[in-house]
Amino acid sequence: MADWDGGESQRRLGRHHEATGPLDDDSLYSISTQIHAGEWKGLATRLGFSAAEVSHFPIDHSFTAEQIYQMLVTWRNRQPVHVNQTEALCKALKEVGNAQLADNLTDNQPSTSKQATTQRALSCSQTPGELDDSSLYDIAEQIDANEWTRLAAKLGFNQARISHFKDNHSNVRDQINGMLVAWRKKQPGDVNQREALCKALREVGDINLADKLSEYSASDVQSLNAANICEDELKSHYDETGSFVEMNPWCDDLKKPIADMFTKLQLITGEGKTECTFESYEDMFLLKTREGKLIPMAVLSGLAGRGKTTLFGKITYDWAFGSCEVLQKYKLVFLLKMCDLKQESDLIDAVFEQLLAENTSVDRNALGSYIKMNSGKVLILLDGFDELRTTILNKSSFGSILKILNRRMCRGCTVLVSTRPSHLVRLTTKELIQQPFTHVRVMGFSEEDITEYVNKFYCDEPTKAEGLLTRIGSSDLLSVLAESPMLLLMMCSLWSEDSEFPETMSGLYHNAVDEVGKRKDVSEQEIKRVVIELGKVGLQGLLFPDQVLSFKESDFEPGVLSLALKAGILTTQRVVKGRVPHSSVQFIPKTFQEFCSALYLQNLFEVDTQEFQKILNKIMSKSPVDFEYLLRFCCGGNEACTFEILNVFLEKCKNRLSVEDRVGQLALHCYFESQCKYLPPEKFIQAVLCDSIELDGLNVDTLLSVAYFLRRVAEVSGSIHLDKIKTLTIWSCELTRSIKDIAFAMTAMTNLHDAKFIDNTANENTHVLKSLRHLPNLVSLSLCDIQFDVTTSWRMHLKELKPLQELDVSSSSLNGQDMVHVAESIKYLPNLVSLDVSLNKLVGTAASWGMYLKELKPLQRLNLSYCSLNGKDMVHVAESVKDLPNLVSLDVSLNQIVGTAASWGMHLKELKPLQRLNLRNCSLNGQDMVHVAESVKDLPNLVSLDVSS
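Heads up: the sequence shown is residues 27 to 975, going by the working numbering.
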């Protein structure tokens, strides 16, 4: 529908929903004016709205009439096709006591034939000259409040009807709008409403408004017509291209409906305490700012193959088939591949080149006008910002697509743009996307999602599905790779043949290429030659300043191109640029371009080492992280290339080779891919290792590479290099798949004196203690925010940590029985001076473990804060610690021990060495303080007492 005022109406009433049944917008608006302000919320409840939903209508709309109208429209749009909306609404009206309105509505219900006519009309496009609700409301705001009755009379209303409008609406604008809606409703279908209203406005002397309304009439009809044709073409295009997914990347005729195969992805937004996981992609469209406004822009970041492209395809499919309610407000949905775009690219040009038929009848200018005037009805999906053909951006050269991203154009449209994480910072700058926007991390598949996907793939072969899932679960790396939908599809395809997978990503891709050769009856030698030839072209594209990902057919040798297209390594599509059609050739997916390029580099290393070095130096002089997969694939199974690449890392990036730096992590990925028999160069090892290692929030893939490196160093050289490490800290990491390798490496860290494991996830933590028990210099150990299973073996290893001086097991979900095991074990530690067991729920259990405290004779500091201790617990604690000759600090803060000091206070006076006593926030009362004060007065060394609240 057209906005005659240039789109300003989008910020006002949202009365633009197309009717989906007998109750059209006009009818609902008329009904809304007859519902009392005091009864509409009850009606909404009976129509199925939750209290939370009802509360949102007043937030989004200022006037009661608007709130009621929007509630009715929302209800109407939710109804299935078979529901008689009039009957359902009448029933609810009677339930809230408005029988008169229900009866009137029943009397006016159209006949079956009329309903069919109405539905058919509503399913069609807006007719020329038709005025929608938004336009009428905006016109109402332009009409003089003192003159509107003259216009009403000119439009055929008598004085009684005019009085009726006044009586039903307290607000003058609503009176005028109600009159205009009623006038429009009684117009025959062949009347040009816009022209008729213009004529009446001129006759009552409102020439300016009539001229303004006339001015937009012709162009609005053209733009609406263009939008209607474009909508039909887009839905047809998405129907043809998005309804099925390939079950085998190299077999075009093996497909399944996307509705059967699509598996939801892990979509996460926010950080830390604000982090949340979306139940479905629809949630992205519903997020609002603190002020309650919808956020129209979202950035989806995720590694290659995590499902970003498939997700966008599912969105277009759902829009085309009307299977997602949140998408139905969009008349136009554009899915554009950014690998075919440059910074100068124009939205309309891209739509014509990528989405519309070559012989389309859509008028370019009219479509642009519609988008400009109705931006709120446009959804733009930009797939692959990291593949944009321009790498160095110049704001002055931006075309309309990038101007839409930085909100210089088409404000109000919804934009979703995907990118690899490496390009996220570049995308979210002041030149492009600024706040407010939603950052969504596309994490691929969870363990449950992997199971669901494999079972869907092998829906008729459950035994194969079970076997593949068992194989994936048995391998750390395969479990990681399976989180990528693209690689999981590849695994499913390969599993049918060999039932064997390699340990690395490069190995998996090698298997995939071998599978291509087998399926296409091409020899291993020939397929290798083809891949290398493809890689020569692909590498040139990757090294190009604007990183070319789309090629011409003439870039490839004819024979190579033919075989690659046949095998499915390359794909071609017809595109039109400057109205000149040509074929665009691409790798499927981009990682295949990087894989083929890497194999070309490996071959080049054998035949022309000097040229190999030249290219490698060029990569390193740019940014090695931008060529992550190229470098990793190049090291795959090739020790010679790996050592050459690691030496260049050492030469060019020596100061960035720590495990905390992305460059250092990439270098370790390269070593992992090689699966070398030998250690990296000694200087490389020295550059990676330092006296303090901190692994903070590393993803599972990176942890695997780091852990592999550490284990290999320990296996080959023992403690020669690892004895350099004095402090090891691992924060917020998923250690389940790498804990064994890390634990093995720690056995060689003979000079390690401080180890911290904080807020990590691991199924078996016993490996950690087992690896530490023979380290002669370990004096401090923190095992915090970790779920521990305090088994017999755990206790056995703990008591072997003889050098240990400080132990922190705070916030580790220990219970009373766990504390018994901990206390029994640490009594064998002759050097323990500090024990922190805070933030564990130990209420009512001190009787079972308190007696062990008295055996900790060297103990100087004891922290039992926030352990939910009660008065009886405090008795056992105080009785035990009174015999500790070296205890200088006791912290029992944040325990609810109100009114109990009489039972434990007397023991405090025996703590003669005590210097600091913390009883903060213990809810002590006055009588408690008497007992505490009487006891501590006899402590000669006490310098700090905290009883604050």
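The C-beta atom is built at its ideal place from N, Cα and C for all residues, glycine as well. Since we're looking at a predicted model, the values are computed, not measured.
Near C365, which residues of its chain fall below 6 Å by C-beta distance, leaving aside the five closest residues on each side in sequence?
G410, E413, L575, S576
With a CB to CB cut of under 8 Å and the five nearest residues on each side skipped, what residues in its chain are close to G348?
Q354
Beta-carbon proximity list for P707, same chain, < 8 Å, skipping 5 on both sides:
F669, L672, N673, L676
Cβ separation of V714 and L683, assumed to be a contact under 8 Å, to the nearest whole Å
5 Å
Residues of its chain near R146, where Cβ-Cβ distance is below 7 Å and the 5 sequence neighbours each way are ignored:
Per-residue confidence for R146 stands at a pLDDT of 27, beneath the threshold of 50, marking its modelled position as unreliable; no derived number is given.
Can you give me the C-alpha to C-alpha distance between A91 and S58, rounded to a whole angstrom?
6 Å
What does the alpha-carbon distance come out to for the pair D540 and I553?
8 Å
Can you list, in chain order, the stretches of the alpha helix (DSSP H) that have 4 or more residues and sit fully within the segment 680 to 758?
688 to 700, 708 to 714, 726 to 743, 745 to 748
Checking 9 Å against the spacing of the C-beta atoms, do A392 and A252 come in under that value?
yes
According to DSSP, is I169 part of a helix, a strand, or is it coil?
coil
Thinking N912 and G870 are a contact (beta carbons under 8 Å), I'd like their distance in whole angstroms, please.
Actually they are not in contact, since the Cβ atoms of N912 and G870 sit about 28 Å apart, beyond 8 Å.
Distance CB(W345)-CB(K261) smaller than 9 Å:
yes
CB contact flag (V122, R72, <9 Å):
yes
Identity of the residues DSSP links to K314 by a beta bridge
L320
Every unbroken beta strand (DSSP E) inside the segment 828 to 915 [3 residues or more]:
832 to 834, 860 to 862, 887 to 889
DSSP three-state call for C487: helix, strand or coil?
The residue asked about is misnamed: residue 487 is Glu in this sequence, not Cys. In this structure, E487 counts as coil in the three-state DSSP scheme.
Which same chain residues end up closer than 6 Å to L450 when comparing Cβ atoms and leaving out the 5 residues on each side of it in sequence?
S327
First through last residue of the beta strand (DSSP E) which encompasses L809
806 to 810
Going by the CB atoms, is the gap between R415 and Q566 shorter than 9 Å?
no
Does DSSP put Q213 in a helix, a strand or coil?
coil
T386 to K456 span [Cα, whole Å]
37 Å
Would you call D964 buried or exposed, if buried means 16 or more other Cβ atoms sit within 10 Å of its Cβ?
exposed
Inspect the beta-carbon positions of N866 and S836 and report whether they are closer than 9 Å.
yes
How many Å lie between Q152 and L239 at the Cα?
For Q152, the predicted model reports a pLDDT of 48, less than 50, meaning its position is unreliable; a value from the coordinates is still stated below. For Q152 and L239, the distance between alpha carbons rounds to 17 Å.
Just tell me which of V914, L807, L69, Y854 has its CA closest to the CA of K782.
L807
For I784, write down the residues that DSSP places opposite it in a beta bridge.
W757, C810
If you follow the beta strand (DSSP E) that I406 is part of, which residue opens it and which one closes it?
404 to 409
How is H465 classed by DSSP in three states: helix, strand or coil?
strand
Proximal residues to H957 (C-beta, below 6 Å), its chain only, five neighbours per side dropped:
A927, A928, G931
Report the residue from L801, S764, T755, H779 whose alpha carbon sits nearest the alpha carbon of T773.
L801
With L337 as the anchor, note down where its alpha helix (DSSP H) starts and where it stops.
334 to 347
Considering E674, what are the terminal residues of the alpha helix (DSSP H) in which it resides?
This sequence places Val at residue 674; Glu is not what is there. 665 to 678 is the extent of the alpha helix (DSSP H) around V674.
Are the CB atoms of A733 and D767 nearer to each other than 9 Å?
yes
Taking the C-alpha atoms as reference points, what is the distance between L361 and S444?
11 Å
Using the Cα positions of L373 and I430, report the straight-line distance between them to the nearest angstrom.
9 Å
Please name the residue, chosen from K898, L596, L569, K544, that lies closest to K578 on a Cα-to-Cα basis.
L596
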